[in-house]
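As they're listed, the protein sequences go chains A and B. Residue numbers for the first sequence follow our numbering, so the first one is 1328 and each next one is one higher. Residue numbers for the second sequence follow our numbering, so the first one is 1328 and each next one is one higher. I have placed the structure first, in the form of structure tokens, so that the comments after it can refer back to it.
2 protein chains.
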Amino acid sequence: MNETIKTLLNRRSIRSYTPEQLKDDDLQIILKTGKFAPSAMNQQSWHFTVVQNKEILQRINQVIRAIFLKSGNAHFEEMAKADTFHVFYNAPTLIIVSGDEKAIAPQCDCALAMGNLFLAASSLGIGSCWIHALTQLDTTPEGTKLISDLGIPSGNKIFASGAFGYAASETPTPAPRKDNAVNII
Amino acid sequence: MNETIKTLLNRRSIRSYTPEQLKDDDLQIILKTGKFAPSAMNQQSWHFTVVQNKEILQRINQVIRAIFLKSGNAHFEEMAKADTFHVFYNAPTLIIVSGDEKAIAPQCDCALAMGNLFLAASSLGIGSCWIHALTQLDTTPEGTKLISDLGIPSGNKIFASGAFGYAASETPTPAPRKDNAVNII
Chain A
1328 MNETIKTLLN
1338 RRSIRSYTPE
1348 QLKDDDLQII
1358 LKTGKFAPSA
1368 MNQQSWHFTV
1378 VQNKEILQRI
1388 NQVIRAIFLK
1398 SGNAHFEEMA
1408 KADTFHVFYN
1418 APTLIIVSGD
1428 EKAIAPQCDC
1438 ALAMGNLFLA
1448 ASSLGIGSCW
1458 IHALTQLDTT
1468 PEGTKLISDL
1478 GIPSGNKIFA
1488 SGAFGYAASE
1498 TPTPAPRKDN
1508 AVNII
Chain B
1328 MNETIKTLLN
1338 RRSIRSYTPE
1348 QLKDDDLQII
1358 LKTGKFAPSA
1368 MNQQSWHFTV
1378 VQNKEILQRI
1388 NQVIRAIFLK
1398 SGNAHFEEMA
1408 KADTFHVFYN
1418 APTLIIVSGD
1428 EKAIAPQCDC
1438 ALAMGNLFLA
1448 ASSLGIGSCW
1458 IHALTQLDTT
1468 PEGTKLISDL
1478 GIPSGNKIFA
1488 SGAFGYAASE
1498 TPTPAPRKDN
1508 AVNII
């Protein structure tokens, strides 16, 4: 089994991080792999916003908390009430991938780019987790203001976001894979 | 630079294939990496339909051709009029990833799974290309019948499909990456 396939099979989502920040060289190579994902008609419809400033990370968490508290979803409301609520698990780096809504397939482009970021990170010993909640930022005025303050290009929508950092605990055992997921004709 | 990062940077979309079929062992390991992609709340909302039967591949191409001819898009209509039209470039294997429409984020789950298939294939010397047209299969009665005949689970939507095979020409040089795609805060 080659190294790439080992990375593909062994990367797990990490939900507990140390405060140690990513090395800048590692961040740069991770971002580069995102830019080399495939995209529809090579539109490269993605834009990467890397957030490492602690105050801004805290503000993002608070805006998401407010969205969860008003979500009407009992599970999300319960999560957001906890004092320890942190939607990206106190990871030191958050990467937001937004895409041009007028592109052919920005949701696919951005998901593939984020997948590359995850795998590059994993190959460097850096943990990551898809954080879907940020796709809801544009549903409140506070979230819309935050999107603007983050410098996300006008006309872009957030299609993916991910927490990145060093795992604070052992890599989780993978959940069993579902049966009957393949049909060969 | 480690092997995984090399694969992430060097995989290119391939649009010309030899008739040589994938080895079954390679297909199995490629599919396994798809099942180990991350998914929202571990729902694994994906289903993989692998098509290698030449008559069925031909039928898929003809249904897509008919959709293109009636698309109202001059570019697609022109493509479909060509005698040589083949939406997945005569690749010997087509993999369709469909997702449960009632899942949390099936479009993300399926795109991440397809990304893993592409990267595993690349690491094994096998070319691939995202074929977006199949997401349109459910827009005509013939396409809907085909989806059913392919055994795609009821309630699933096609979110991704990809051509797989051995490249018939050299790996293309990557197009230049866009500037200003990253903002670090």
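We put the beta carbon where it would ideally sit given N, CA and C, even for glycine. Predicted model only: the values in this text are computed from it and were never measured.
Chain A has a Cβ within less than 8 Å of the Cβ of B/N1329. With distances taken between CA atoms, A/L1336 lies nearest to A/P1499 out of A/P1499, A/D1506, A/N1507 and A/I1511. Nearest to A/S1366 by alpha-carbon distance, out of A/T1462, A/G1426 and A/A1508, is A/G1426. By the criterion of a C-beta distance shorter than 7 Å, A/K1350 is surrounded by no residue of its chain, once the five residues flanking it on both sides are discounted. The way I'd put it, the segment 1454-1461 of chain A does touch the segment 1413-1430 of chain A; three or more beta-carbon pairs between them come closer than 8 Å.
Note on B/I1431: under 16 other CB atoms within 10 angstroms of its CB, so exposed under the neighbour-count rule. If you check the CB distance, B/D1436 and B/Q1370 come in under 8 Å. Taking 8 Å as the CB threshold, B/G1492 stays off the interface with chain A. The C-beta of A/T1360 has 16 or more other C-beta atoms within 10 Å across all chains shown, which makes the residue buried. Between the alpha carbons of B/K1472 and B/Y1344 lies a distance of about 28 Å. By the criterion of at least three beta-carbon pairs nearer than 8 Å, the segment 1386-1406 of chain A is in contact with the segment 1465-1484 of chain A. Taken through DSSP and simplified to helix, strand or coil, A/A1438 comes out as helix.
Secondary structure of B/F1363 (DSSP, three-state): coil. W1457 and H1459: these are the residues of the segment 1452-1467 of chain A whose beta carbon lies less than 7 Å from some beta carbon of chain B, given in chain order. Shown here, B/H1402 sits in a helix according to DSSP, grouped into three states.
The count of Cβ pairs closer than 8 Å, one atom from the segment 1439-1457 of chain A and one from the segment 1486-1497 of chain A, reaches three, so the stretches are in contact. Within the segment 1437-1479 of chain A, the runs of beta strand (DSSP E) that reach at least 3 residues and sit entirely inside it are, in chain order, 1454-1457.
The beta-carbon distance between B/I1357 and B/A1448, rounded to whole angstroms, is 5 Å. This is short enough to meet the 8 Å contact definition. If you draw a straight line from the Cα of B/K1429 to the Cα of B/S1481, it comes to about 11 Å. Taking the CA atoms as reference points, B/N1417 sits about 14 Å from B/I1453. With a threshold of 8 Å between beta carbons, B/H1402 makes no contact with chain A. Among the CB atoms of chain A, none fall inside 8 Å of the CB of B/F1395. For A/A1487, the enclosing beta strand (DSSP E) starts and ends at N1483 to G1492. Considering only B/I1512, B/G1492, B/K1505 and B/N1510, the residue with the shortest C-alpha distance to B/Q1348 is B/G1492.
At a cut-off of 8 Å, the C-beta of A/P1346 has no neighbouring C-beta in chain B. Taking 8 Å as the upper bound for CB-CB distance, B/H1374 and A/A1440 are not in contact here, some 24 Å apart. Bridge partners of A/D1427 according to DSSP: A/N1483. Legend: CB atoms of the segment 1409-1437 of chain B lying less than 8 Å from CB atoms of chain A belong to residues I1431, A1432, Q1434 and C1435.
Scanning chain A for C-beta atoms nearer than 9 Å to the C-beta of B/V1377 yields V1509, N1510, I1511 and I1512, reported in chain order. Counted as a single uninterrupted DSSP element, the beta strand (DSSP E) harbouring A/I1511 occupies residues V1509 to I1511.
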